Ligand SMILES: [Zn+2]
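In full-length UniProt numbering, the protein residues as written are 1 to 409.
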């Protein structure tokens with residue numbers, strides 16, 4: 001387990017922040033530098049089919065050590081870190097045996113406080129790895145990479161633990177929504193997989209939002225304000241009217257759990273043309289369709305009221321709830337739950353109020369729920385992870401491999 005932390009600290013020293021404004025994959029060179037390093041380590045571990053492809057996807061396989069047929073399973077993590085905060089020169093600090101209270105982050109004024117993050121109150125006695133307050137930590141998702149490699153190394157060193165083929169995949173550009181784009185499911189060769197990209201111990205996720213983007217384009221008529229009487233149509237007024245027709249309680253700030261929402265996330269205002277950028281989210285596919293129809297109905301209503309000017313709606317589906325792809329294979333979830341329970345981890349199943357690469361992969365034919373890494377507060381300077389959580393993740397990965405072989409003997 002010492003190697004687990006050593007690996008993690010080494011991986012976070014690589015700056016692998018992805019960049020949404022670059023079309024190339026991977027979007028940044030730093031990701032390739034880490035991928036090359038990981039490739040070396042996988043070769044040193046004597047894994048099979050270690051291959052880093054031209055798009056920065058690194059794959060490898062630990063071959064089965066049993067005679068009988070066992071389904072091959074996979075574990076996936078992403079190499080990039082979020083664009084939201086710097087991932088350059090990450091200087092982690094380790095707080096051993098946390099006793100409560102504020103943790104000073106580096107030499108500055110930043111603290112990690114249980115008042116702001118009550119989860120800390122449950123972590124007394126744990127060893128906590130934090131940032132120095134100037135960058136994110138990169139536990140999302142280098143903890144996942146370190147945990148997968150450590151689990152694979154453990155299986156390799158303990159051949160008495162029986163398992164089938166285990167595929168591993170490290171992907172680029174997850175944080176900018178492209179991690180699944182060029183993922184070669186066929187080459188990966190697993191029947192199902194798990195992303196190790198979740199939060200606190202026990203997290204197990206196989207439901208996520210259905211997602212659509214909705215652009216509402218309001219067309220007005222611009223005329224010099226001095227001679228505008230009965231001629232000007234101010235598109236910003238049309239847009240304001242439209243926004244007031246949306247359900248005020250069905251927004252991100254008023255919803256949680258399984259509730260969906262409409263979210264006005266951007267606006268480009270001008271007299272002649274105003275564009276409203278919405279995202280629509282719903283766990284239920286039919287619910288999403290209702291929301292789309294509701295917006296269309298409001299657009300039609302507004303158009304019928306307007307004597308001049310016009311409103312357009314452009315809808316684009318982004319991703320869907322992986323539940324419909326995972327539920328037909330209940331053993332995928334059962335095995336994860338059983339592995340956790342066998343490791344004294346209580347499964348905490350909850351819906352993801354967002355999307356994941358696993359959701360996309362599930363629709364590409366690779367059912368792919370998400371399992372915890374042990375981390376908290378991803379994407380910002382308050383990100384942290386516990387050593388204990390990371391160790392549990394390694395144990396769960398090993399157990400999953402083992403239980404799959406047992407179940408199918
Ligand atoms: Zn992640």
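No residue lacks a Cβ here, since even glycine has one placed at the ideal position from N, Cα and C. Note that this is a predicted model, so its numbers are computed, not measured.
Q. Would you say the beta carbon of residue 141 comes nearer than 8 Å to a heavy atom of ligand 1?
A. One-based indexing of the chain shown puts residue 141 at position 141. For ligand 1, a non-hydrogen atom lies closer than 8 Å to the CB of residue 141.
Q.
Could you check whether the stretch 57 to 67 touches the stretch 194 to 205, counting it as contact only if at least three pairs of C-beta atoms, one from each stretch, sit closer than 8 Å?
A. By the C-beta criterion, the stretch 57 to 67 is judged not to be in contact with the stretch 194 to 205, since fewer than 3 inter-stretch pairs fall below 8 Å.
Q. Would the beta-carbon of residue 110 be found less than 8 Å away from any heavy atom of ligand 1?
A. Counted from its first residue, the chain shown places residue 110 at position 110. Every heavy atom of ligand 1 is 8 Å or more from the Cβ of residue 110, so no.
Q: In angstroms with no decimal places, state the Cα-to-Cα distance between residue 71 and residue 147.
A: Counting from 1 along the chain shown, the entry for residue 71 is found at position 71. Counting from 1 along the chain shown, the entry for residue 147 is found at position 147. It is roughly 22 Å from the alpha-carbon of residue 71 to the alpha-carbon of residue 147.
**Q.** residue 250 versus residue 231 - alpha carbon distance
**A.** Along the chain shown, one-based indexing puts residue 250 at 250. Along the chain shown, one-based indexing puts residue 231 at 231. Between residue 250 and residue 231, the C-alpha separation is close to 36 Å.
Q) Helix, strand or coil: how does DSSP classify residue 169 here? A) Mapped onto the chain shown, residue 169 falls at position 169. When DSSP states are grouped into helix, strand and coil, residue 169 belongs to the strand group.
**Q.** Range of the contiguous alpha helix (DSSP H) that encloses residue 333
**A.** As a position in the chain shown, residue 333 is number 333, starting the count at 1. 330 to 342 is the span of the alpha helix (DSSP H), which, as asked, contains residue 333.
**Q.** Supposed contact pair residue 366 and residue 193 - C-beta distance, whole angstroms, cut 8 Å
**A.** Here the question's residue 193 lines up with position 193 in the chain shown. Here the question's residue 366 lines up with position 366 in the chain shown. With 8 Å as the limit, residue 193 and residue 366 qualify as a contact, their Cβ atoms being about 6 Å apart.
Q: Sort out for me which residues DSSP pairs residue 281 with in a bridge.
A: Residue numbering aside, residue 281 sits at position 281 when the chain shown is read from its first letter. Checking the DSSP bridge columns, you'll see residue 281 partnered with 211 and 261.
Q) Name the DSSP bridge partner or partners of residue 193? A) Numbered from its first residue, the chain shown carries residue 193 at position 193. 74.
Q.
What would DSSP say about residue 300, mapped onto helix, strand or coil?
A. Residue 300 sits at position 300 when you count from the first residue of the chain shown. Correct three-state label for residue 300: helix.
(Q) When you measure from the CB of residue 382 to every non-hydrogen atom of ligand 1, does any distance come out below 8 Å? (A) The residue given as residue 382 occupies position 382 in the chain shown. It does not: the Cβ of residue 382 is nowhere closer than 8 Å to a heavy atom of ligand 1.
Q. At which residues does the beta strand (DSSP E) containing residue 246 begin and terminate?
A. Within the chain shown, numbered from 1, the residue matching residue 246 stands at position 246. It is not in any beta strand (DSSP E) - residue 246 carries neither H nor E in the DSSP assignment.
Q. Buried or exposed: which applies to residue 207, given that a residue is buried once 16 or more other Cβ atoms fall within 10 Å of its Cβ?
A. Start at 1 with the first residue of the chain shown, and residue 207 comes out as number 207. Buried: at least 16 other Cβ atoms inside 10 Å.
Q. Should residue 75 be listed as close to ligand 1, given that the test is whether its C-beta is under 8 Å from any heavy atom?
A. One-based indexing of the chain shown puts residue 75 at position 75. Result no, Cβ not under 8 Å from ligand 1.
**Q.** Near ligand 1: residue 475 beta-carbon under 8 Å from a heavy atom
**A.** As displayed, the chain neither begins before 1 nor continues past 409, which places residue 475 out of reach and without an answer.
Q. Any heavy atom of ligand 1 closer than 8 Å to the Cβ of residue 205?
A. By one-based count along the chain shown, residue 205 stands at place 205. No, Cβ of residue 205 sits at least 8 Å from all heavy atoms of ligand 1.
Q: Label residue 88 either buried or exposed according to how many other C-beta atoms from any shown protein chain fall within 10 Å of its C-beta, with 16 as the threshold for buried.
A: Here residue 88 refers to the residue found at position 88 of the chain shown. Flag for residue 88 reads exposed.
Q: Report the partner residues of residue 348 according to the DSSP bridge assignment.
A: Mapped onto the chain shown, residue 348 falls at position 348. As computed with DSSP, residue 348 is found in a beta bridge with 203.
Q) With which residues is residue 62 paired in a DSSP beta bridge? A) Locating residue 62 in the chain shown gives position 62, where the first residue counts as 1. DSSP output for residue 62 lists 166 as bridge partner(s).
Q | residue 86, DSSP secondary structure in three states | A | Along the chain shown, read from residue 1 onward, the residue named residue 86 stands at position 86. For residue 86, the three-state secondary structure derived from DSSP is coil.
Q | Length of the line joining the Cα atoms of residue 3 and residue 397 | A | Residue 3 sits at position 3 when you count from the first residue of the chain shown. Residue 397 sits at position 397 when you count from the first residue of the chain shown. For residue 3 and residue 397, the distance between alpha carbons rounds to 16 Å.
Q: Please classify residue 376: is it buried, with 16 or more other beta-carbons within 10 angstroms of its beta-carbon, or exposed?
A: Start at 1 with the first residue of the chain shown, and residue 376 comes out as number 376. For residue 376, the number of other beta carbons within 10 angstroms of its own is at least 16, and it is reported as buried.
Q) Between the C-alpha atoms of residue 264 and residue 213, what's the straight-line distance to the nearest angstrom? A) Position 264 of the chain shown, counted from the start, is the residue given in the question as residue 264. Position 213 of the chain shown, counted from the start, is the residue given in the question as residue 213. Roughly 10 Å between the two C-alpha positions.
Q | residue 166 versus residue 64 - alpha carbon distance | A | Taking the first residue of the chain shown as 1, we reach residue 166 at position 166. Taking the first residue of the chain shown as 1, we reach residue 64 at position 64. Going from the Cα of residue 166 to the Cα of residue 64 covers about 7 Å.
Q) Does ligand 1 have a heavy atom nearer than 8 Å to the CB of residue 102? A) In the chain shown, residue 102 corresponds to position 102, counting from 1. If you check the C-beta of residue 102 against ligand 1, you find no heavy atom less than 8 Å away.
(Q) Does the beta-carbon of residue 183, which I'm using as the reference point, lie nearer than 8 Å to any heavy atom of ligand 1? (A) Counting from 1 along the chain shown, the entry for residue 183 is found at position 183. Relative to ligand 1, residue 183 has its C-beta separated by 8 Å or more from all heavy atoms.
(Q) Just to confirm, is the Cβ distance from residue 288 to residue 216 under 9 Å? (A) Translated into positions along the chain shown, residue 288 becomes position 288. Translated into positions along the chain shown, residue 216 becomes position 216. Cβ distance not < 9 Å, so residue 288 and residue 216 don't count as in contact.
Q.
So the candidates are 169, 124 and 108; which of them puts its Cα closest to the Cα of residue 114?
A. Numbered from its first residue, the chain shown carries residue 114 at position 114. The residue with the shortest Cα to Cα distance from residue 114 is 124.
Q.
Is any non-hydrogen atom of ligand 1 found closer than 8 Å to the C-beta of residue 283, if you look at the structure I gave you?
A. Translated into positions along the chain shown, residue 283 becomes position 283. Residue 283 Cβ: outside cutoff for every heavy atom of ligand 1.
Q | Candidates 118, 137 and 235, of which the one nearest residue 8 by Cα | A | In the chain shown, counting from the first residue as 1, residue 8 sits at position 8. Comparing C-alpha distances from residue 8 to each of 118, 137 and 235 shows the shortest one belongs to 137.
Q) Quick one: is the Cβ of residue 175 within less than 8 Å of any heavy atom of ligand 1? A) Within the chain shown, the letter at position 175 stands for residue 175. Because some heavy atom of ligand 1 lies under 8 Å away, the Cβ of residue 175 counts as near it: yes.
(Q) Quick check: what's the CA-CA separation for residue 272 versus residue 307? (A) Residue numbering aside, residue 272 sits at position 272 when the chain shown is read from its first letter. Residue numbering aside, residue 307 sits at position 307 when the chain shown is read from its first letter. Distance between residue 272 and residue 307, taken at the CA atoms: about 15 Å.
Q: Say yes only if the C-beta of residue 197 is nearer than 8 Å to one or more non-hydrogen atoms of ligand 1, and no if none qualify.
A: Walking along the chain shown from the start, residue 197 turns up at place 197. It does: the Cβ of residue 197 is within 8 Å (strictly closer) of some heavy atom of ligand 1.
Q: Just grab the DSSP bridge partners of residue 319 for me.
A: Counting from one through the chain shown, the residue named residue 319 turns up at place 319. Paired residues: 211.
(Q) For the structure I just gave you, are there three or more beta carbon pairs, one from the stretch 162 to 176 and one from the stretch 325 to 345, closer than 8 Å? (A) Contact between the stretch 162 to 176 and the stretch 325 to 345 is not established, with fewer than three Cβ pairs separated by less than 8 Å.
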